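I have placed the structure first, in the form of structure tokens, so that the comments after it can refer back to it.
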Amino acid sequence: MEKLWEKDALWEFSRESFEDRARGLGFEWTSQQKESARSAGADLTLGGIPLAEAVARFSTDKISGLVLQFYTRGDSGSLARADYEDLLRRTIDLVNSLSQAKPQSLGKDPASSVRAEGMLWKSQRTTWRLEYSMSREITPQGLKMRPEFLRLELSPVLSKGEPVRGTAARALLNPRAGIKNLPNGDVLIEGIPMVDQGQKGYCFPASAERILRSYGMRADQNELAQLSGAKGGGSSLSGGIEGLKTAGLRLQFRVKMVDQPEIRELETLVREYNRRVLKYGQKAQVGPLSGGVDLEDLLSGMRPEVLRAARMGMKVEKSRFFRSIQTSIDGGHPLIWGVLLGLVEEPEIPQASGWHARLLVGYNSKTSECLYSDSWGAGHELKRMALDDAWMMHQFTMALIPTGSDSAASGREKGR
Numbered sequence: 127m128e129k130l131w132e133k134d135a136l137w138e139f140s141r142e143s144f145e146d147r148a149r150g151l152g153f154e155w156t157s158q159q160k161e162s163a164r165s166a167g168a169d170l171t172l173g174g175i176p177l178a179e180a181v182a183r184f185s186t187d188k189i190s191g192l193v194l195q196f197y198t199r200g201d202s203g204s205l206a207r208a209d210y211e212d213l214l215r216r217t218i219d220l221v222n223s224l225s226q227a228k229p230q231s232l233g234k235d236p237a238s239s240v241r242a243e244g245m246l247w248k249s250q251r252t253t254w255r256l257e258y259s260m261s262r263e264i265t266p267q268g269l270k271m272r273p274e275f276l277r278l279e280l281s282p283v284l285s286k287g288e289p290v291r292g293t294a295a296r297a298l299l300n301p302r303a304g305i306k307n308l309p310n311g312d313v314l315i316e317g318i319p320m321v322d323q324g325q326k327g328y329c330f331p332a333s334a335e336r337i338l339r340s341y342g343m344r345a346d347q348n349e350l351a352q353l354s355g356a357k358g359g360g361s362s363l364s365g366g367i368e369g370l371k372t373a374g375l376r377l378q379f380r381v382k383m384v385d386q387p388e389i390r391e392l393e394t395l396v397r398e399y400n401r402r403v404l405k406y407g408q409k410a411q412v413g414p415l416s417g418g419v420d421l422e423d424l425l426s427g428m429r430p431e432v433l434r435a436a437r438m439g440m441k442v443e444k445s446r447f448f449r450s451i452q453t454s455i456d457g458g459h460p461l462i463w464g465v466l467l468g469l470v471e472e473p474e475i476p477q478a479s480g481w482h483a484r485l486l487v488g489y490n491s492k493t494s495e496c497l498y499s500d501s502w503g504a505g506h507e508l509k510r511m512a513l514d515d516a517w518m519m520h521q522f523t524m525a526l527i528p529t530g531s532d533s534a535a536s537g538r539e540k541g542r
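Start counting at 1 in the sequence shown, then tack on 126, and there's your number in this note's numbering.
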């Protein structure tokens with residue numbers, strides 16, 4: 127990575143010159159808009175220290191920031207505390223050498239969703255911000271501290287009067303600023319940055335990071351994963367929701383469940399399913415429901431063709447689902463959308479089945495389509511799906527609403 131610092135030209139890089147200088151470092155653009163480029167698993171090092179991930183962010187035509195992950199539990203696996211503390215010491219020594227500046231302790235950062243500790247260096251042209259965090263873990267041997275991440279963020283030192291570079295954020299008090307109405311009938315929210323979750327199952331934290339950053343908030347999927355208890359294989363829905371609620375208290379936003387099936391709706395689905403499954407010469411596969419239903423288990427145990435017929439028979443619920451999308455998008459709020467993959471054919475996606483979180487970013491009432499995005503990088507920025515298919519895989523939708531926002535996703539209690 128040192129080659130990016132040659133001749134102190136990092137902050138002069140355009141997208142084109144960055145591509146040329148970073149050749150061989152494994153960077154790939156995360157979207158067609160080229161708002162960021164990511165490299166992971168390419169034997170990246172800085173000062174001889176391996177990197178788990180590097181992300182370069184751009185605004186207008188110049189680089190606006192560089193995020194270097196020296197360690198993340200989701201990418202790198204578990205690390206002993208002693209090894210983590212040694213890595214932290216080596217990283218601090220490295221930044222001391224590269225910046226040629228004296229560090230300033232930030233303590234526990236109130237702007238961090240996990241109150242990460244940090245240090246700050248300011249050289250003539252660069253601000254270096256190092257943040258690190260451990261969480262408490264109960265083990266058979268007692269309470270231990272578990273390393274979560276070690277991250278270095280670089281940004282340009284701005285001259286007086288120079289505008290701040292960064293991904294254009296929608297104003298917190300005007301979330302509708304990013305709404306676009308296109309001639310073909312598409313209504314969508316633009317300006318949502320792409321985040322590539324990589325191989326780790328951080329679809330839920332990555333989706334949340336994208337929404338929060340579109341509002342102009344500092345957010346990181348690794349911090350949000352720490353709050354939700356996510357591991358490399360993903361997080362539970364309940365853990366993800368509780369983690370976001372905790373982050374919301376610190377970052378000033380609230381979590382709103384917009385469309386989540388209630389027991390009576392699930393009972394209707396089971397009744398419709400069992401009535402139809404008899405046509406296939408099979409007995410009812412789903413028994414009576416009680417509290418605490420696992421929707422993924424429920425849907426996974428059903429025959430897909432019978433499930434589709436049963437869900438298509440729930441016309442009132444399907445219409446309500448689509449209206450809730452329209453209301454949220456019209457209010458400027460993208461939705462985290464929980465789905466069950468494998469029920470609908472989707473070519474060229476890295477996950478074939480199981481629960482997944484993606485973003486609903488728009489709709490088209492003329493064609494009855496949902497516009498969505500996955501946090502898998504380039505090629506997944508904007509996709510569309512017929513309402514029937516979307517309803518087939520639907521589990522829940524939720525909105526993250528900034529405190530003081532002039533509108534809110536209304537969900538079930540308010541129609542379009």
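Every residue gets a Cβ at the ideal spot worked out from N, C-alpha and C, and that includes glycine.
If you're wondering where the values come from, they're calculated on a predicted model, not measured in any experiment.
A straight line joining the alpha-carbon of residue 511 with that of residue 304 spans about 21 Å. Taking 4 residues as the minimum length, the alpha helix (DSSP H) runs contained wholly in the segment 394-468 are 421-426, 430-438, 441-456, in order along the chain.
Across the set 337, 518, 483, the C-alpha of 518 shows the shortest separation from the C-alpha of residue 395.
Of the other Cβ atoms in all chains shown, fewer than 16 fall within 10 Å of the Cβ of residue 228; this residue is therefore exposed. By the Cβ-count criterion, residue 495 is buried, with 16 or more other Cβ atoms from all chains shown falling within 10 Å of its own Cβ. Contact between residue 261 and residue 243 does not hold, since their C-beta atoms are separated by about 12 Å, which reaches or exceeds 8 Å. From the listed residues 443, 252, 351, the smallest Cα separation to residue 389 is found for 443. Judged by DSSP in its simplified three-state form, residue 521 adopts strand. For a cut-off of 8 Å, the C-beta gap from residue 180 to residue 170 is around 6 Å, short enough to register as a contact. Taking the C-beta atoms as reference points, residue 398 is found nearer than 8 Å to residue 436.
The beta carbon of residue 173 lies closer than 6 Å to those of 220 in the same chain, with the five residues before and after it left out. When DSSP reads this structure, residue 230 sits in a beta bridge with 246. Taking C-beta separations shorter than 6 Å and ignoring five residues to either side along the sequence, the partners of residue 199 in its chain run 274, following chain order. About 6 Å separates the Cβ atoms of residue 384 and residue 454, confirming a contact at the 8 Å cut-off. Note on geometry: alpha-carbon atoms of residue 302 and residue 224 lie some 42 Å from one another. Residue pairing from DSSP places residue 490 in a beta bridge opposite 312, 495. Annotation for residue 217: the continuous alpha helix (DSSP H) segment containing it runs 207-225. Straight through space, the alpha carbons of residue 408 and residue 508 are spaced by roughly 40 Å. If you check the CB distance, residue 314 and residue 505 do not come in under 8 Å. With a threshold of 16 other beta carbon atoms within 10 Å, residue 478 falls short and is exposed.
Looking at 439, 515, 213, the one whose alpha-carbon comes closest to that of residue 466 is 515. The Cβ atoms of residue 525 and residue 461 sit closer than 8 Å to each other. Residue 427 and residue 469 have their alpha carbons spaced roughly 11 Å apart.
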